[in-house]
Amino acid sequence: MTRSNFLSLFLIPRTMKTTRCKDMYSRDVLIGCFLVLEFMHSGVSKVAGGQCFPGLFIFGDSMVDVGNAIAAYPDRFSRIEQHPYGVEWPQHGADRFSDGKLFGDLSAWAIGHSPSSAYLRSVQTLLYSGANFAAAGSTVLDEYPPHALSDPNFVLTRTPFTLETQVQWWQRFKVRVSFSLTSGQGTTTLIPSAAFNRSLHLVLMGATDYLLQYTASYSEHKILASVHVIVSRIAANLETLYKDGAQTILVINLPPLGCTPAFLSMIPGQKGSSDYDSFGCLTKVNTAILRHNQLLYRAVSRLQKKYPASKFVYADFYQAAYEIVKDPHHYGLDTSTLMTACCGVGGAYNFNPNATCGRTWLDGKGAAHNVTTCQDPSKHLTWDGYHFSQAVTRIAALSFFQGKHVYPSMGLLPNNCQANFTMFWAYNATASPH
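If you count the sequence shown from 1, you need to add 18 to reach this note's numbering.
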């Protein structure tokens, strides 16, 4: 793909003046100006003519959680409410395992809404455009020992909010909204009952299942055997969503976890061997993830055939992220820092499972130090060694809403809808996620 063709994927509304480039956060200036110029020469307008969907509902783990985990376990997850989390989205990005925006935030803006609030939040909760049911540390399966991923100092700790539980929350939420609106309450704060079925439902789940198994030293055979069970459980919950009215379901597959500092540090292979691919990623981990994604694609395809009136869309996060791994410079990332955590400390990958982002660590003399943060998170594949940076998430989200890395390629958005990406580069976004 030529650089011109690549830039043409990232369309900015024609109404944006080139002078606004100077208002963008400094590291995005050059890329932002290129994007605006590319757009103006293209002669195509991509401003959304309204809301593409009446709402957005999100299911998943820490890759899309915006506050449910910290609402349920404030002590365990308190660090994500503080600096440096959300450094790329000041005053808005808290409660997220990210330097900035997540898939749910970007997806909401793309279809004409403000980001959805966390379902479990009790303060400043606005649910007029949907809800976010995702919870950090959640798994697809619940058949794991209670001590698994229980260390609060680790990059992620487990929570009991499985995908099935989140779908049940959604079902209960529908009933409660209907009751409230019927009784004349919540008319300005709740999504209309009629909008539930026509809303976009986004599902990104399963990474914690594999993180848990690998950190618990499960055998490779046992991990690969679990893939079918995990995917089958996801498919069952997708079918439940459809049977309960969801018409459009976006299923995002798992990214290449074998390329993340967390896995590279905790499951080291033998250097110079087939344990690593040509880009330095762990072969066995990515083999399991690719198997998961292959089965997930088949499951989504079967559901689409079984329910032709539905719209099941499969988004390939793995391929979108792996293209960046193969050619980081092409996407504006730094080859020298790509595989290191932006926020972390120690080792070849700037990652220590006992001193993760937002924590303090003790040196050999017993002195305490804060975990350091890089100067430019957008140059890194991951933010904290496990969760992908805002820059990578944004590239993937843009490609999905442009019809790339999604199957069917033009099946996500309604025919009369054109995604709006104006907020994707906003440093101080005015639209509050709460």
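Glycine included, C-beta positions come from ideal geometry on N, C-alpha and C.
Exercise. Quick one: using the 10 Å Cβ neighbour count with 16 as the cut-off for buried, is residue 407 buried or exposed?
Key: Label assigned to residue 407: buried.
Exercise. Determine the contact status of residue 185 and residue 268, defining contact as a CB-CB distance below 8 Å.
Key: no
Quiz item: If residue 131 and residue 69 are in contact, beta carbons under 8 Å, what's the gap, nearest whole angstrom?
Solution: 6 Å
Practice problem: Just confirm the distance between the C-beta atoms of residue 371 and residue 283, as a whole number of angstroms; I'd bet it's less than 8 Å. | Solution: 7 Å
Quiz item: By Cβ distance below 6 Å, which residues in the same chain neighbour residue 221 in space, the five residues on each side in sequence not counted?
Solution: 77, 269
Quiz prompt | Runs of beta strand (DSSP E) wholly within the stretch 243-275 (minimum 3 residues, chain order) | solution = 266-270
Exercise. List the whole-angstrom C-beta distance separating residue 337 from residue 423, where the pair is believed to meet the contact cut-off of C-beta under 8 Å.
Key: 5 Å between Cβ atoms; contact.
Quiz item: With burial defined as no fewer than 16 other Cβ atoms inside 10 Å of the residue's Cβ, what is the status of residue 238: buried or exposed?
Solution: exposed
Quiz item: Out of curiosity, what's the CA-to-CA distance linking residue 386 and residue 377?
Solution: 10 Å
Quiz item: If you drop the 5 nearest sequence neighbours on each side, which residues of the same chain put their C-beta closer than 8 Å to that of residue 390?
Solution: 361, 362, 363
Practice problem: Taking residue 252 as the reference, give the member of 410, 400, 317 with the closest Cα. | Solution: 317
Practice problem: Please classify residue 106: is it buried, with 16 or more other beta-carbons within 10 angstroms of its beta-carbon, or exposed? | Solution: buried
Exercise. Could you tell me the distance, in whole angstroms, from the CA atom of residue 243 to the CA atom of residue 210?
Key: 42 Å
Practice problem: Decide if residue 81 is buried, meaning its Cβ has at least 16 other Cβ atoms within 10 Å, or exposed. | Solution: Under this definition residue 81 is a buried residue.
Self-check item: Rounded C-alpha distance that separates residue 287 from residue 443
Solution: 37 Å
Practice problem: Report buried or exposed for residue 380, applying the criterion of at least 16 other Cβ atoms within 10 angstroms of its Cβ. | Solution: exposed
Quiz item: Taking Cβ positions, are residue 122 and residue 84 nearer each other than 8 Å?
Solution: yes
Quiz item: Which residues does DSSP pair with residue 438 in a beta bridge?
Solution: Per the DSSP secondary-structure output, residue 438 pairs with nothing in a beta bridge.
Quiz item: Excluding sequence positions up to five away, which residues of its chain have a Cβ less than 6 Å from the Cβ of residue 304?
Solution: 274, 276
Self-check item: Where residue 277 falls: helix, strand or coil (DSSP)
Solution: helix
Quiz item: What distance in whole Å lies between the Cβ atoms of residue 153 and residue 86, which are believed to be in contact at a cut-off of 8 Å?
Solution: Right, their Cβ atoms sit about 4 Å apart.
Quiz prompt | Of the listed residues 137, 230, 229, nearest to residue 191 (C-alpha basis) | solution = 137
Exercise. Identify which residue in 294, 207, 339, 257 has its Cα closest to the Cα of residue 181.
Key: 257
Quiz item: If you draw a straight line from the C-alpha of residue 330 to the C-alpha of residue 321, how long is it?
Solution: 7 Å
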